[in-house]
Amino acid sequence: MLVESNGTRIHVRQQGQGELALVFLHYWGGSSRTWDKVAGELAGRYRIVATDHRGWGQSPAPAAGYGLADLAADAEGVIEALELRRYVLVGHSMGGKVAQLMASRRPRGLEALVLVAPSPPSPMVLSEEQRATLIGAYQSRESVQWVIDHVLTTRPLDAAAREQVVEDSLRGAPCMFKPDQRGTVESPLR
1 MLVESNGTRI
11 HVRQQGQGEL
21 ALVFLHYWGG
31 SSRTWDKVAG
41 ELAGRYRIVA
51 TDHRGWGQSP
61 APAAGYGLAD
71 LAADAEGVIE
81 ALELRRYVLV
91 GHSMGGKVAQ
101 LMASRRPRGL
111 EALVLVAPSP
121 PSPMVLSEEQ
131 RATLIGAYQS
141 RESVQWVIDH
151 VLTTRPLDAA
161 AREQVVEDSL
171 RGAPCMFKPD
181 QRGTVESPLR
């Protein structure tokens, strides 16, 4: 389902039920599908809400608005639209960075924060070479496979999981990877 939030629409996948919701926020390159195996295990006890950040998965890609504050406002809008009264934020990597920002605001209903290898809450200082590597990380099957093998995992993924990561990574909005007039790329990873 698509939920209107923060001037855009955010794709949300839900399953399970319960008074407590687990709100899953994926890494830069992932999607709501990133959480399928975990969500499947927990849906018998909790309401599961997994979002696609703007420009990823099935969420539309606006021309701008890919900063950390934008992603946090998107998730906050989803929580409000779904009328979640009690929830836990679960964030991986960039999703963890978004979750940390949201938690710092001490929103009503937030009961806990689960961080899975989160990006740090402070800006990341990257060399030009590191920035170029990030920009090119999801440009082709080969670059995504390199990222899977050297950045995202410590153990090999099964064929289905590997293909899902490749598909999700290649679906990222092209505007996230192109420098603007100042030569900067808008990214929540900064």
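The sequence shown begins at 1 in my numbering and counts up one residue at a time.
Quick reminder that beta carbons are idealized off the backbone N, C-alpha and C, glycines included.
In this structure, SER119 lies near LYS97, with their beta-carbon atoms less than 8 Å apart. DSSP assignment within the region 33-101 yields the following whole alpha helix (DSSP H) runs of 4 residues or more, N-terminal first: 36-42 and 68-81. According to the DSSP secondary-structure assignment, VAL125 is paired through a beta bridge with no residue. With fewer than 16 other CB atoms across the displayed protein chains lying within 10 angstroms of its CB, THR154 is exposed. If you compare the alpha carbons of SER93, GLN100, ILE135 and THR133 with that of LEU152, the shortest gap goes to SER93. Scanning LEU22, ALA43, ALA81 and ARG9 for the CA closest to the CA of LEU115 turns up LEU22.
Contact annotation: HIS26 and GLN58 have beta-carbon atoms that are not nearer than 8 Å. CA-to-CA, the gap between ALA64 and ILE48 works out to about 28 Å.
DSSP places LEU152 within a helical segment (H, G or I) once states are collapsed to three. Take ALA43, set aside five residues on each side of it, and the residues of its chain with a beta-carbon closer than 6 Å to its own are GLN15 and GLY16, in chain order.
GLY30 and PRO123 have their C-alpha atoms roughly 21 Å apart.
Bounds of any alpha helix (DSSP H) do not take in ALA117, whose DSSP letter is neither H nor E. Check the Cα spacing between GLY91 and each of ARG45, SER32 and ARG108: the tightest is with SER32.
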